[in-house]
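First comes the structure, then the notes that go with it.
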Amino acid sequence: MEQVILSIGIALCLFALWALLRQDWPRLMRPSRKVEAVVSGHEQGWDSGRPLYAMRLHFQAEGCEHEVTDQVWRRKPTPPVGTKLMVRFPEGCPEMARVPRPAMWAFVYGCIVLMGGMLLAKALGLLGG
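Here our numbering is used: the first residue of the sequence shown is 3, the next is one more, and so on.
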């Protein structure tokens with residue numbers, strides 16, 4: 003039974019890596035562009051009855067106006083409308099623009115790889131217990 007649970011955990015870690023890399027692969031493999039964007043508003047969502055906010059970013063690239071919603075949701079609508087930020091996107095894909103957060107994404111990938119490695123080590127009998 004333990005091996006089944008460990009196998010499911012390893013499969014979930016691999017699935018999480020695949021889901022993240024599927025989105026990040028173009029960002030990692032293509033040349034990227036960096037442009038200035040302006041916070042044009044905030045999208046509102048809900049979590050346990052409390053509002054969450056994600057900033058909408060408006061920018062111009064490749065001769066067109068674009069607007070994207072940030073991936074990070076916050077409890078307060080910050081930064082204020084009109085704030086200027088830099089966004090990056092793979093060349094030719096301005097709809098994939100996002101605020102660069104390399105430390106956050108390194109932490110996310112690192113946690114998933116570490117968890118998968120620990121589960122694999124346990125499944126192979128390399129960890130005691």
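Just so it is clear, CB atoms sit at the ideal spot from N, CA and C, and this is done for glycine as well.
Only a predicted model underlies this, so the values are computations on that prediction, with no experimental measurement involved.
With respect to the alpha helix (DSSP H) encompassing residue i, which residues constitute its N-terminal and C-terminal limits?
i   : result
C95 : Unbroken run through C95: none, as it is neither H nor E.
E4  : E4 to M31
Exposed or buried, residue i, counting other C-beta atoms within 10 Å across all chains shown (16 or more means buried)?
i    : result
C66  : exposed
M106 : exposed
C113 : exposed
A123 : exposed
L129 : exposed
L116 : exposed
M88  : exposed
A99  : buried
D49  : exposed
V83  : exposed
A63  : buried
L23  : exposed
Against chain B, with Cβ distances strictly below 9 angstroms, would residue i count as a contact?
i   : result
H44 : Considering every chain present, this structure includes no chain B. It has just one protein chain.
Check whether the stretch 32–46 and the stretch 91–104 touch, using three or more Cβ-Cβ pairs below 8 angstroms as the test. Flag = yes, the stretch 32–46 and the stretch 91–104 touch.
3-residue-minimum beta strand (DSSP E) runs that sit fully inside the stretch 32–112, ordered along the chain: List check, beta strand (DSSP E) in window: 34–49, 52–63, 66–71 and 86–92.
At a cut of 8 angstroms, does the stretch 34–52 reach the stretch 4–15 through at least three beta carbon pairs? No, the stretch 34–52 is not in contact with the stretch 4–15.
Below 8 angstroms, how does it come out for the stretch 108–123 and the stretch 12–22: are there three or more Cβ pairs, yes or no? Contact holds: three or more Cβ-Cβ distances are below 8 angstroms.
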